[in-house]
Structure formats: C-alpha cells, structure tokens
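Report on the following structure.
Numbering (the working numbering), first residue to last: 197 to 446.
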C-alpha cells in the first residue's frame, strides 16, 4: 500500500487538534428544576405505576433509589451494631464458661474464641440488620407511596409511615400488638417530623426544595459519568489516530 504523503498526515492531525473535544449535540441542555416534575393530569395509581418504570435516562426512579439507599444503609448500620454487641457477649460468655477448661495450647483457645465471636457476629449482624432495615425501609416506602399518590410533599406523612410500619412489624402479635406497634411507630414518626421540621426551618428550605436538591445531585452524578465516558472514548480515538500517524506504512 502506498505511503501517505507528509502533507496529508499534517492535515489529518491538525484537523484533530482543531476539532472540538466535546460535541455540543452529545451534551444537551438539561432542565434540573423541572426534570422531575410529575404530570398533574395523571391519577395517583398511574404515578405509582410510573415508579416501577425507568424515568427519562435513569434506569431506576429516584424515589425507588432513595428506598434502596435506605435499605442498604440501615442494614449495614443495624448489622454492625448487632454484630458488635453479639460478639462482645460471646467473648464474655466464653471467658466465664471456660475458666477451668484445659486447652491444648493458647493457639487452640484463641481459635475457638475467634470461631465463637465470628459466628456470634454474623448472627447478630443478620438479626438486628434485618430488623432495622425492615423498619426503615417500610417507613421510607410508605412515605414515598403517599407523596407519589398525593403528588406533594408533607411532613405529616412521616407519622402515618411510622404507624403503618409499627403495625406491620407487630403483625405476628395480633390486633393488640398491631395497635401498640402503630402507636409507638406514630410516636417515632412524630419525633422524626419535629426534628426534620426544626432543621428545615433552621436552614430556611422546604421539603420540596430538599427533594429538588437530592434529584439535582443524582442528575449531576449522571452527567459526570456521561462526561467521563465521553472523555475515555475520546482518548482511545486519539491514541488510535496517533498510532496511525506514527506508523511508516498504511
């Protein structure tokens, strides 16, 4: 194959240098303030069904993403707390129950102690983590369902979410247990509402503005990922073009 003239090489490389690094058509303007506005003509059940569908360029609806984050965070925090408490109790019981036990050596004693503490940690992690994640996830899910159905944010949805969560949590105990669970869950939701209302008043923002900030962070993250992917693809194309220009034969 004939060798490409040097002038053509310079023209090809200069056209790459002069070309814009970011294609304006690949980066459209995004209205962060109105991107998550819900059509008021939809009914409550239609808005609830839309939660299970991809929203615009997002594979998961932001409200469901909030529920998922709540589940993972509460499961991790509750699991670590339960695991530490269970492993501590296992350590104390092992020392008390094996004061007169004759072990082969100190290595065997440490191995049995580590096994006991690890198993106790995992049991406590799963036990308390599942309980805390169930309570927190049900609480946030109820709030998301109410806000989506009513198409508005309201702090008083939190006590309702606490009542529903407490009633479901105490369902195995029967009607009396459900009533007491709903009562204490409503109290928890009321305390949470008071704390959040105080923080919102202190920061001079509303619940809708806070929700908009959360959605804006999600959108900014998606934009950053999109731009990084474009830069990575652009760098690969530049390296491939440089290799072609440096090769003596084409």
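Here a beta-carbon is modelled for each residue, glycine too, at the ideal position from N, C-alpha and C.
- In this structure, residue 326 sits near residue 274, with a CB-CB distance shorter than 9 Å.
- Using a Cβ-Cβ distance cut-off of 8 Å, the region 354-361 and the region 331-346 are in contact, since at least three pairs of beta carbons, one from each stretch, lie closer than that value.
- By the Cβ neighbour-count rule, residue 366 is buried, with 16 or more other Cβ atoms within 10 Å of its own.
- Within the region 233-297, complete alpha helix (DSSP H) segments of at least 4 residues are found at 240-246 and 258-293, given in chain order.
- By the beta-carbon neighbour count (other beta carbons within 10 angstroms, threshold 16), residue 271 is buried.
- With the rule of 3 Cβ pairs closer than 8 Å, the region 277-289 counts as touching the region 314-325.
- Contact annotation: residue 385 and residue 411 have beta-carbon atoms that are not nearer than 9 Å.
- Assignment of residue 349 by DSSP, reduced to helix, strand and coil, places it in the coil class.
- For residue 368, there is no enclosing alpha helix (DSSP H), as DSSP marks it with neither H nor E.
- Non-local C-beta neighbours of residue 285 in its own chain, meaning closer than 8 Å and more than five positions away in sequence, comprise 316, ordered along the chain.
- Each residue's CA atom was taken as its position, placing residue 249 and residue 294 some 57 Å apart.
- Taking every protein chain shown into account, the CB of residue 391 has fewer than 16 other CB atoms within 10 angstroms, so this residue is exposed.
- Just measuring C-alpha positions, the residue of 442, 402 and 312 sitting nearest residue 288 is 312.
- With respect to the C-alpha of residue 421, the residue from 254, 371, 344 and 347 having the closest C-alpha is 254.
- For residue 386, the three-state secondary structure derived from DSSP is helix.
- Looking at the backbone, the Cα of residue 260 and that of residue 389 are separated by about 21 Å.
- At the C-beta level, residue 356 and residue 373 stay beyond 9 Å of one another.
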